[in-house]
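Residue numbers (this note's numbering): 14 to 405.
Written out as structure tokens, the structure is:
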């Protein structure tokens, strides 16, 4: 009998990246996160974060995205969605440090909108966004070449979702397009159709499709899906000429998990439930829901909901749990739409040890994890953002 030899298994670069031990310099997430983090079991983490924040005083402004865990949110000076937070940062020019408890593209937007004297800091540089990573500058440039060869590029106006990298925002600005949020996507599309005959919507196919079909009365046949991993996006020149909406094949890994079966199941378990979902969900899920809206819309809808009402929410679990706890005293029953736990894994990389390390480093005079957008990219990305701000 032969003795089995031990396998020399080496972790792949992707495995190391997912473990937080390496970084992908070509990805939206950026570069390595240096330094030793305090232990997550340290019972003094809350006190240490509070002490470091007090030492910094008005020099630091902490932003907390709605999807952050409660242990981090408690230290946020303001909470909100990505664009609201970036604007809040711009409104605090006296703050030397902007600590963005969110993901990489959000910190980029804050850097674009704040002054050169301010430093935007991301507690963990591996906190990226899978959706934003689904559209790289090289892929989008190749897509534009495909549109040019099909003879339609001069008819196309790019509209990019806020959940995109600074490179994609800059591409949008260079090509006469605008940025949108989940709240103003309809207005952005209406503006774009005044500028051209077709829209290239980046990078979330579901928000683009739902806005075009549900909010603007287009048909599914008006939309085509551009797949950057296929030659010519998997589309013919005729398909591109006939389409009104050219949707990028990207999606949110959290919202994309919800299904029609999830909706049917919760209706069976909770008679009279109101199903409220984010427009990043699939089109069939949005069609099956009672209400559809952005994160801010979801919060306001629950604030206005009558006592004793029942709600199933299709968005990130941290926010749903926070809302369920907030409105429990009003007998509002709020549950997560899916039975499967569904956190945003990259958003959850911003934990209390990373925040403590960041605040203590800044308080000690050491600038860490600064997010900087180069001047050329910032110029065109800001142009696209300013077009959005000018929308009626």
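By construction, the Cβ of each residue, glycine as well, lies at the ideal position given by its N, Cα and C atoms.
Terminal residues of the beta strand (DSSP E) in which residue i lies
{"i": "residue 80", "result": "From DSSP, residue 80 is part of no beta strand (DSSP E); its letter is neither H nor E."}
{"i": "residue 348", "result": "346-349"}
{"i": "residue 96", "result": "Element bounds for residue 96: not the beta strand (DSSP E) but the alpha helix (DSSP H), 95-103."}
{"i": "residue 273", "result": "Run containing residue 273: none in the beta strand (DSSP E); it sits in the alpha helix (DSSP H), 273-282."}
{"i": "residue 113", "result": "110-114"}
Residues of its chain near residue i, where Cβ-Cβ distance is below 7 angstroms and the 5 sequence neighbours each way are ignored
{"i": "residue 233", "result": "226"}
{"i": "residue 92", "result": "77, 79, 86"}
{"i": "residue 128", "result": "106"}
{"i": "residue 50", "result": "366, 367, 370"}
{"i": "residue 70", "result": "none"}
{"i": "residue 220", "result": "174, 195, 198, 292, 293"}
As assigned by DSSP and simplified to three states, the class of residue i
{"i": "residue 6", "result": "Here the chain covers residues 14 to 405 and nothing more, so residue 6 does not appear."}
{"i": "residue 357", "result": "coil"}
{"i": "residue 383", "result": "strand"}
{"i": "residue 173", "result": "strand"}
{"i": "residue 161", "result": "helix"}
{"i": "residue 404", "result": "coil"}
{"i": "residue 215", "result": "strand"}
{"i": "residue 321", "result": "coil"}
{"i": "residue 294", "result": "coil"}
{"i": "residue 311", "result": "helix"}
{"i": "residue 86", "result": "helix"}
{"i": "residue 419", "result": "In the structure displayed, the chain extends from 14 to 405; residue 419 sits before or after that span and is not available."}
{"i": "residue 398", "result": "helix"}
{"i": "residue 148", "result": "coil"}
{"i": "residue 193", "result": "strand"}
{"i": "residue 50", "result": "coil"}
{"i": "residue 133", "result": "strand"}
{"i": "residue 249", "result": "coil"}
{"i": "residue 221", "result": "helix"}
{"i": "residue 269", "result": "helix"}
{"i": "residue 202", "result": "helix"}
{"i": "residue 286", "result": "coil"}
Contact set for residue i: own chain, Cβ-Cβ below 6 angstroms, skip 5 residues either direction
{"i": "residue 301", "result": "273, 276"}
{"i": "residue 346", "result": "323"}
{"i": "residue 75", "result": "88, 89, 90, 112"}
{"i": "residue 337", "result": "347"}
{"i": "residue 287", "result": "303, 324"}
{"i": "residue 400", "result": "191"}
Segment limits, alpha helix (DSSP H) that includes residue i
{"i": "residue 258", "result": "That residue, residue 258, is in no alpha helix (DSSP H); its beta strand (DSSP E) goes 258-261."}
{"i": "residue 125", "result": "117-126"}
{"i": "residue 186", "result": "179-187"}
{"i": "residue 371", "result": "365-376"}
{"i": "residue 60", "result": "58-69"}
{"i": "residue 333", "result": "330-339"}
{"i": "residue 233", "result": "Here residue 233 belongs to no alpha helix (DSSP H), and DSSP marks it neither H nor E."}
{"i": "residue 362", "result": "That residue, residue 362, is in no alpha helix (DSSP H); it is neither H nor E in DSSP."}
Cβ of residue i within 8 angstroms of any chain B Cβ
{"i": "residue 80", "result": "Here chain B cannot be found, since the structure has a single protein chain."}
Burial state of residue i (16 or more Cβ within 10 Å)
{"i": "residue 160", "result": "buried"}
{"i": "residue 352", "result": "exposed"}
{"i": "residue 268", "result": "buried"}
{"i": "residue 378", "result": "exposed"}
{"i": "residue 54", "result": "exposed"}
{"i": "residue 82", "result": "buried"}
{"i": "residue 186", "result": "buried"}
{"i": "residue 139", "result": "buried"}
{"i": "residue 398", "result": "buried"}
Cβ-based neighbour list, residue i, same chain, cut-off 8 angstroms, excluding 5 preceding and 5 following
{"i": "residue 298", "result": "271, 272, 273, 275, 276, 290, 327"}
Could you check whether the segment 107-118 touches the segment 321-337, counting it as contact only if at least three pairs of C-beta atoms, one from each stretch, sit closer than 8 angstroms? With the cut-off at 8 angstroms, the segment 107-118 and the segment 321-337 do not touch.
Should the segment 164-183 be called in touch with the segment 349-365, which here means at least 3 C-beta pairs below 8 angstroms? No, the segment 164-183 does not touch the segment 349-365.
Mind the definition here: the segment 230-247 touches the segment 281-294 only if three or more C-beta pairs lie below 8 angstroms; say whether that holds. At 8 angstroms Cβ cutoff, the stretches do not touch.
Does the segment 191-198 come into contact with the segment 306-314, if we say contact requires no fewer than three beta-carbon pairs (one atom in each stretch) closer than 8 angstroms? Flag = yes, the segment 191-198 and the segment 306-314 touch.
Below 8 angstroms, can you find three or more Cβ-Cβ pairs linking the segment 175-185 to the segment 132-148? In short, these stretches touch, since the Cβ pair count reaches three.
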